[in-house]
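Residue numbers (the working numbering), protein chains in the order written: chain F, 145 to 624; chain E, 145 to 624.
Just so it is clear, CB atoms sit at the ideal spot from N, CA and C, and this is done for glycine as well.
Treat the numbers as computed from the prediction; the structure is a model and nothing was measured.
Reviewing the structure listed below.
Protein chains: 2
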Amino acid sequence: MTEVEAKKPQESLQDRLAQVIELLHRHKLVEDLTHRQEGQHQQLVENLVHRQNLAELQRKLDELHPADIAHILEALPLDDRLTVWQLVKAERDGDILLEVSDAVRESLIADMDDHELLAAAKEMDADELADLAPELPRDVIHELMESLDAQQRERVRSVLSYEEDQVGALMDFEMVTIRDDVTLEVVLRYLRRLKELPGHTDKLFVVDYDGILKGVLPIKRLLVNDPDKQVAEVMATDPVSFHPDEDAYDAAQAFERYDLVSSPVVDKNGKLIGRLTIDEMVDLIREESENEVLNMAGLREEEDIFASVWKSVGNRWAWLATNLVTAFIASRVIGVFEGSIEKLVALAALMPIVAGIGGNSGNQTITMIVRAMALDQLGVGNTTRLLRKELGVALINGLVWGGVIGAVAYYLYDSWSLGLVMTGAMTLNLLLAALMGVLIPMTLARMGRDPAMGSSVMITAVTDSGGFFIFLGLATLFLL
Amino acid sequence: MTEVEAKKPQESLQDRLAQVIELLHRHKLVEDLTHRQEGQHQQLVENLVHRQNLAELQRKLDELHPADIAHILEALPLDDRLTVWQLVKAERDGDILLEVSDAVRESLIADMDDHELLAAAKEMDADELADLAPELPRDVIHELMESLDAQQRERVRSVLSYEEDQVGALMDFEMVTIRDDVTLEVVLRYLRRLKELPGHTDKLFVVDYDGILKGVLPIKRLLVNDPDKQVAEVMATDPVSFHPDEDAYDAAQAFERYDLVSSPVVDKNGKLIGRLTIDEMVDLIREESENEVLNMAGLREEEDIFASVWKSVGNRWAWLATNLVTAFIASRVIGVFEGSIEKLVALAALMPIVAGIGGNSGNQTITMIVRAMALDQLGVGNTTRLLRKELGVALINGLVWGGVIGAVAYYLYDSWSLGLVMTGAMTLNLLLAALMGVLIPMTLARMGRDPAMGSSVMITAVTDSGGFFIFLGLATLFLL
Chain F
145 MTEVEAKKPQ ESLQDRLAQV IELLHRHKLV EDLTHRQEGQ HQQLVENLVH
195 RQNLAELQRK LDELHPADIA HILEALPLDD RLTVWQLVKA ERDGDILLEV
245 SDAVRESLIA DMDDHELLAA AKEMDADELA DLAPELPRDV IHELMESLDA
295 QQRERVRSVL SYEEDQVGAL MDFEMVTIRD DVTLEVVLRY LRRLKELPGH
345 TDKLFVVDYD GILKGVLPIK RLLVNDPDKQ VAEVMATDPV SFHPDEDAYD
395 AAQAFERYDL VSSPVVDKNG KLIGRLTIDE MVDLIREESE NEVLNMAGLR
445 EEEDIFASVW KSVGNRWAWL ATNLVTAFIA SRVIGVFEGS IEKLVALAAL
495 MPIVAGIGGN SGNQTITMIV RAMALDQLGV GNTTRLLRKE LGVALINGLV
545 WGGVIGAVAY YLYDSWSLGL VMTGAMTLNL LLAALMGVLI PMTLARMGRD
595 PAMGSSVMIT AVTDSGGFFI FLGLATLFLL
Chain E
145 MTEVEAKKPQ ESLQDRLAQV IELLHRHKLV EDLTHRQEGQ HQQLVENLVH
195 RQNLAELQRK LDELHPADIA HILEALPLDD RLTVWQLVKA ERDGDILLEV
245 SDAVRESLIA DMDDHELLAA AKEMDADELA DLAPELPRDV IHELMESLDA
295 QQRERVRSVL SYEEDQVGAL MDFEMVTIRD DVTLEVVLRY LRRLKELPGH
345 TDKLFVVDYD GILKGVLPIK RLLVNDPDKQ VAEVMATDPV SFHPDEDAYD
395 AAQAFERYDL VSSPVVDKNG KLIGRLTIDE MVDLIREESE NEVLNMAGLR
445 EEEDIFASVW KSVGNRWAWL ATNLVTAFIA SRVIGVFEGS IEKLVALAAL
495 MPIVAGIGGN SGNQTITMIV RAMALDQLGV GNTTRLLRKE LGVALINGLV
545 WGGVIGAVAY YLYDSWSLGL VMTGAMTLNL LLAALMGVLI PMTLARMGRD
595 PAMGSSVMIT AVTDSGGFFI FLGLATLFLL
């Protein structure tokens, strides 16, 4: 797609969103009126006002950057969203589709006919097409592939052949290549003939006649060096490069670590096949962190905030069901001790404290470990040390906070033995929380699973059932 | 600081970390031996091996990019970390200090004397100095400021005058400025005279004689246009720019939205005073998402995973204490109904299910709302609609899962009225969770607070106390 130079927005995003909503409301108000009052003259006037409002809204939208329209679409409920979508100029459809989140994209595509989809898709580059393809109707894809030339079709297929989390799925093909035996002057003249450079071109890729990557020529060096010098003298050999089957998240970390703007992607033989750019990596970093938040909270994936009630139920039911099972198990643990509770009903009031603090503390530990693992900070050598530290923290917290709550229990129920059991149970449950907070994510990782996935639900399950068992068990042993 | 062109790493980060740990262990093993066996000949040999190991480690470190050394330092426990830190060549100290996390930086600075700190800091640019300054000893800062020229000192002061989350605190001063009345040819010659361009220079800043920003000249346009053209013909007027007192996170979102690499920072009069670059924005995006995760889990800030036990206790105690208070309130709610539990002990076993599912569901809602707010998707116009949707989801979940668990309760305790109370309590608590899941973050935001901060603890407090109250209350009304 052609690039739009972003202009300075006149108002903040929030203001623009508010304006669009205001215009939409006026539009709907008029619509309501026309429906109610069917007098002919009335209707004519209303229609006029109606059309004026829509025209104003359209003018507003035409001024906005595609990314801003995407943002507004995401913030609107479905009916308003489609009203705005229909007002957007057809030639901008493609740009906007590429900017919106998957969930919202689905709702927009559902509103377009095949003809509109084809028109939008024809403006796209191979990597953009591949990005959109999974959500397009089968016959649209078929027609689209037919219309591409052989190279483009090959590229779309190649991008589609990689998993979503591999470098190959994120690469584009807009690299500018040069040879190493020409002078910088020649390179400068060659660039001028291109008329336009792809976005994020901070380096040119130096390849030999077989397309093997020999180095990169940073634009910075091209600009400051004597034009009579040869590319080979000035280029950086051995640049950071990636393979298409590498993990995309590792690539994003490398971009972050080495402050890269673009980077070559090469195949096994060192042949240049594409490039990665920082904008894709930023999206990935954002997505990855968000998935961590969503996963820990038990949402399956990013949710369109105005998704239908049924869709939301679908997105959330899996974790709720899991949680129901774990809560049921905890309930059964309590059930085992019903006799003890009957004899000493204070146990029922105190037991959620032990379980709750354990859950909170376990979540602190597990969050920290998951983060350290995501940042590759946990190696083989340092697990034991980490476990020892977490157990130390748990022991201190258990004795301090367990002591406080034990004193409170003594004060409330006038039983020093109940207070001691409370302190003991808190300490043991915090130690359990620390132990499992380290072991759960590590075991998940060793099994090749995402350690963030459901770790919060699991640790809470352990500290709930464990906490009830420890507290009620100790109470049964020592108090009854 | 001078930039290092990142080279392709030979091994993965994990491998490199493992190698360093391996060399450190060998080094320590030898040290232990030397301590134990004090025979003179023995000691000589050991010392030799010892020195060989350290030399090998140093060679290894010299090959690595500063960002990679920073990563290794972060992954090592304190004593190993300082061993490695002492082996790093002094001239690289500054680069590495700028790369490590705040928590680890503190531990490294504590290990350096004033002389070393001054040497490291003298290599830095004004913005980098300002970044480091808060952690340096007062007399080092004083001596450092003395050694700077007037402009540099002014710049450091200016960056330090902004809050951490303002654009001014993140800007640098490495902008290349040009006039609009010269030809591109002149610009190209000017750049060549500079010998080196600052990192992330994807555009030149066009200013008038008073330093007022008139536009930007993207390097891409400089390269593809006829050198005889004037800058004014080719430049982009009205580029995206920022004010130093703007919210840095808003700037980061703009970078993400408009795919920017660098952007001018101007004062109220439109005078160019600095620039923002994508690398700082990526760090910010990463940090912001991480803070969200940490805050929701009740960790005050990023924690050095090998921080001392006491530091960790300090980082975590605030949320644990808050949680203790909320757990205590929930416990008192149960205390009110102790009479009912005494009569029907099954209530004690079932009540954690109602509270737990409510907490899980409330956390799902609140996570989604907090995310939508962070992305600026929630405006005035759409709150009611969102609330209605969340209540709808809660009603369905309550009836379905509440029905399931009600049936289980009936099966276990053979009481259909207990089952009905269970279903009713689940439904009501899920509705409460949805209501508060929307209202809590919105109220926090209206009060000007960060909606992510502690929202998880608060929703859990509400669904715990509320869940116990609803369930035990209904049971007391209808079952006893």
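*Would the beta-carbon of residue 318 of chain F fall within 9 Å of that of residue 364 of chain E?*
no
_I want to verify the contact list: residues of chain F whose CB lies under 8 Å from the CB of residue 387 of chain E, in sequence order._
Those within 8 Å of residue 387 of chain E in chain F number zero; the least Cβ separation is about 11 Å.
*Along chain F, in chain order, which residues have C-beta atoms closer than 8 Å to that of residue 430 of chain E?*
400, 429, 433
_Presumed contact (8 Å Cβ cut-off) between residue 492 of chain F and residue 492 of chain E, rounded CB distance_ = 4 Å
*Does the beta carbon of residue 319 of chain E come closer than 9 Å to any beta carbon on chain F?*
no
*Leaving aside the five residues before and after residue 423 of chain E along the sequence, list all residues of the same chain whose C-beta is less than 6 Å from its C-beta, in chain order.*
none
_Using a Cβ-Cβ cutoff of less than 7 Å, which residues in the same chain neighbour residue 474 of chain F once the five nearest sequence positions on both sides are dropped?_
608, 609, 612
_Euclidean distance between Cα positions of residue 466 of chain E and residue 599 of chain E_ = Going by C-alpha positions, residue 466 of chain E is about 12 Å away from residue 599 of chain E.
_Tell me which residues share the same chain as residue 320 of chain E and place their Cβ nearer than 8 Å to its Cβ, disregarding the 5 neighbours each side in the sequence._
335, 338, 341, 342, 345, 348, 349
*chain E beta carbons: is any one of them nearer than 9 Å to that of residue 182 of chain F?*
With a pLDDT of only 49 at residue 182 of chain F, under the threshold of 50, the placement of this residue in the model should not be trusted, and no figure is reported.
*Would you mind reading off the limits of the alpha helix (DSSP H) that contains residue 620 of chain F?*
Residues 599–623.
*Cα separation between residue 238 of chain F and residue 302 of chain F?*
21 Å
_I'd like to check one pair, residue 408 of chain F with residue 375 of chain F: are the Cβ atoms closer than 9 Å?_
Not in contact: residue 375 of chain F and residue 408 of chain F (Cβ atoms no closer than 9 Å).
*asked:* So residue 521 of chain F contacts chain E; which residues on that side make the cut at Cβ distance below 7 Å?
replied: 218, 219, 449
*Per DSSP, what kind of secondary structure is residue 278 of chain F in: helix, strand or coil?*
helix
*asked:* Under DSSP, the alpha helix (DSSP H) around residue 419 of chain E begins and ends at which residues?
replied: No alpha helix (DSSP H) holds residue 419 of chain E; the beta strand (DSSP E) holding it covers 416–421.
_Contacting residues, own chain, Cβ-Cβ under 8 Å from residue 201 of chain F (five flanking each side not counted)_ = 164, 167, 168, 171, 228, 231
*For residue 496 of chain E versus residue 499 of chain F, is the C-beta spacing smaller than 9 Å?*
Taking 9 Å as the Cβ cut-off, residue 496 of chain E and residue 499 of chain F qualify as a contacting pair.
*So which residues on chain E does residue 339 of chain F lean against when the C-beta distance must stay under 7 Å?*
For residue 339 of chain F, the chain E residues whose Cβ falls inside 7 Å of its Cβ are 368, in order along the chain.
*Excluding the five sequence neighbours on either side, which residues of its own chain have a C-beta within less than 7 Å of the C-beta of residue 618 of chain E, listed in chain order?*
Only residues of its own chain outside the window of five on either side were considered, and among them 565, 568, 569 have a CB closer than 7 Å to the CB of residue 618 of chain E, listed in chain order.
_Strictly by DSSP, which residues pair up with residue 391 of chain E?_
E:310
_Does the CB of residue 262 of chain F have a neighbour CB from chain E at under 9 Å?_
no
*Within 10 angstroms of the Cβ of residue 592 of chain F, are there 16 or more other Cβ atoms? Answer buried if so, exposed if not.*
exposed
*Determine the chain F residues that contact residue 615 of chain E at a beta-carbon separation under 8 Å, and present them in chain order.*
Near residue 615 of chain E there are no residues of chain F at all, since even the closest Cβ is about 12 Å away, more than 8 Å.
*With DSSP as the reference, please indicate the residues paired to residue 349 of chain E in a beta bridge.*
In DSSP, residue 349 of chain E forms a bridge with E:321, E:360.
*Reducing DSSP to helix, strand and coil, say where residue 385 of chain E ends up.*
coil
*Expressed to the nearest angstrom, what Euclidean distance is found between the alpha-carbon atoms of residue 623 of chain E and residue 485 of chain F?*
19 Å
*Under the three-state reduction of DSSP, which class applies to residue 521 of chain F: helix, strand or coil?*
coil
*Residue range of the alpha helix (DSSP H) that residue 585 of chain F falls in?*
Its alpha helix (DSSP H) spans residues 560–590.
*Using 8 Å as the Cβ pair cut-off and three pairs as the minimum, do the segment 545–557 of chain F and the segment 514–523 of chain F touch?*
no
*Checking contacts by CB at 9 Å: is residue 470 of chain F closer than that to chain E?*
Residue 470 of chain F counts as touching chain E.
_Nearest residue (CA-CA) to residue 468 of chain E, options F:544, F:278, F:234_ = F:544
*Tell me the start and end of each unbroken alpha helix (DSSP H) in the segment 469–494 of chain F that is at least 4 residues and wholly inside, in chain order.*
Restricted to the segment 469–494 of chain F, the alpha helix (DSSP H) segments that are unbroken, complete and at least 4 residues in length are 482–487, listed in chain order.
*Could you have a look at residue 451 of chain F and say whether DSSP puts it in helix, strand or coil?*
coil
*Would you mind working out which of F:426, F:382, F:428, F:403 sits nearest residue 410 of chain F, comparing C-alpha positions?*
Per the Cα distances, F:382.
_Could you compute how far the alpha carbon of residue 289 of chain F sits from the alpha carbon of residue 297 of chain F?_
6 Å
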